[in-house]
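Working notes for the structure below.
In the numbering used here, the protein residues as written are 319 to 612.
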């Protein structure tokens with residue numbers, strides 16, 4: 319199911335074109351924006367935070383039309399699409415830029431360029447299991463994650479001592495790195511569905527579980543595209559990732575150049591892992607999750 323927010327006919331004066339008089343005199347540009355957004359939460363909550371503020375989107379479009387002069391409306395459409403996709407809830411966008419006063423030299427009613435862009439956001443998922451058949455569960459979970467992510471790399475599997483909670487068995491943990499077109503909220507629900515499919519029951523905080531899937535980071539702090547979010551359901555980046563060896567050690571294994579925002583500073587995950595240490599974390603079964611998990 320696809321929900322959409324559509325803005326039509328956003329108009330402003332810009333100075334885009336290859337001809338000198340277009341850059342000097344300017345002309346009217348009209349933009350249509352269609353955003354794919356998961357509107358289920360907004361329909362339930364009636365809360366603006368659960369949807370996209372289309373007044374702000376319109377403001378962004380006008381600023382780009384009135385901003386830097388470009389030769390091509392193709393470039394303008396691409397920049398608008400990229401700006402819209404910086405909003406975490408937008409999963410894809412279709413942008414049409416109309417140039418009704420274009421110097422075509424023949425009778426016409428409109429010239430328009432349409433671009434469609436899909437979100438491709440880097441994401442880090444931590445996986446853990448200590449009930450049933452943990453290795454098989456983790457392998458099956460990685461297979462299921464292909465439906466939500468374009469997986470790029472995976473750590474080795476680690477055996478780790480439990481942290482907090484009641485007395486329980488050791489965990490198997492891993493981290494996968496990939497990209498997704500899903501919003502953070504929709505990705506969270508997808509992970510929760512995978513957990514449920516593997517028998518996850520939420521009875522006790524930090525208690526044993528058949529499968530635990532956590533979004534550690536959404537976006538890339540190096541390029542300042544990481545989403546910082548605090549809601550009842552989801553906090554990004556994960557608030558305790560920087561102090562957990564069972565996350566940091568596999569993450570550095572999966573992506574040696576990874577970075578994490580910690581209290582406003584962007585830190586190398588490998589450095590954080592060295593600071594925290596690897597006590598209670600050791601290599602587990604020798605499997606290739608991207609090969610054996612699908």
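No residue lacks a Cβ here, since even glycine has one placed at the ideal position from N, Cα and C.
From residue 321 to residue 341, what does the alpha carbon distance come to, in whole angstroms?
Residue 321 and residue 341 have their C-alpha atoms roughly 38 Å apart.
When the Cβ atoms of the segment 538-548 are set against those of the segment 465-474, are three or more pairs found closer than 8 Å?
no
Inside the segment 404-487 only - beta strand (DSSP E) runs reaching at least 3 residues:
408-416, 430-436, 439-447, 468-472, 476-478
Spatial neighbours of residue 573 within its chain, please: CB distance less than 7 Å, with the 5 preceding and 5 following residues excluded, ordered by chain position.
471, 495
By how many angstroms is the C-alpha of residue 582 removed from the C-alpha of residue 389?
In a straight line, the C-alpha of residue 389 is about 38 Å away from that of residue 582.
Is the segment 429-440 touching the segment 360-367 in the sense that three or more CB pairs, one from each, lie closer than 8 Å?
no
With which residues is residue 329 paired in a DSSP beta bridge?
348
Residue 512 versus 461, 414, 437, 384, residue with shortest Cα-Cα distance:
461
For my contact list, residue 602 and residue 451 are in at a C-beta cut-off of 8 Å; report their separation, rounded to the angstrom.
Actually they do not touch by this definition, with Cβ atoms about 13 Å apart.
What would DSSP say about residue 581, mapped onto helix, strand or coil?
coil
For the putative contact between residue 540 and residue 556, defined by C-beta atoms under 8 Å, what is the C-beta separation to the nearest angstrom?
That pair is no contact at about 17 Å.
Which value, in whole angstroms, describes the spacing of the CA atoms of residue 406 and residue 526?
32 Å
Residues in its own chain within less than 6 Å of residue 567 by CB, not counting five upstream and five downstream?
591, 596, 599
With the cut-off set at 8 Å, would you say residue 350 and residue 332 are in Cβ contact?
no
What's the gap between the Cα of residue 536 and the Cα of residue 421?
44 Å
Residue 358 by DSSP, collapsed to three states: which one?
The answer is helix: DSSP assigns residue 358 an H, G or I state.
Contact belief for residue 400 with residue 415 at Cβ below 8 Å, rounded distance in angstroms:
The Cβ separation is near 13 Å, so there is no contact.
Could you tell me which residues DSSP pairs with residue 601 in its beta bridges?
476
Three-state secondary structure assigned by DSSP to residue 537
coil
For residue 377, the first and last residue of its enclosing alpha helix (DSSP H)
372-384
Taking residue 475 as the reference, which of 425, 458, 453 has the closest Cα?
453
So, is residue 491 buried or exposed, given that buried needs 16 or more other C-beta atoms within 10 angstroms?
buried
Would you grab the beta carbon distance between residue 503 and residue 359 for me? Rounded to a whole angstrom, and I think it's under 8 Å.
6 Å
Less than 7 Å separating the Cβ of residue 551 from some heavy atom of the ligand MG?
Because no ligand of any kind appears in the structure shown, any question about the ligand MG cannot be addressed here.
Under a Cβ-count criterion, where at least 16 other Cβ atoms within 10 Å of its own Cβ denotes burial, should residue 354 be classed as buried or exposed?
buried
Residues bridged to residue 530 (per DSSP):
Per DSSP, 446.
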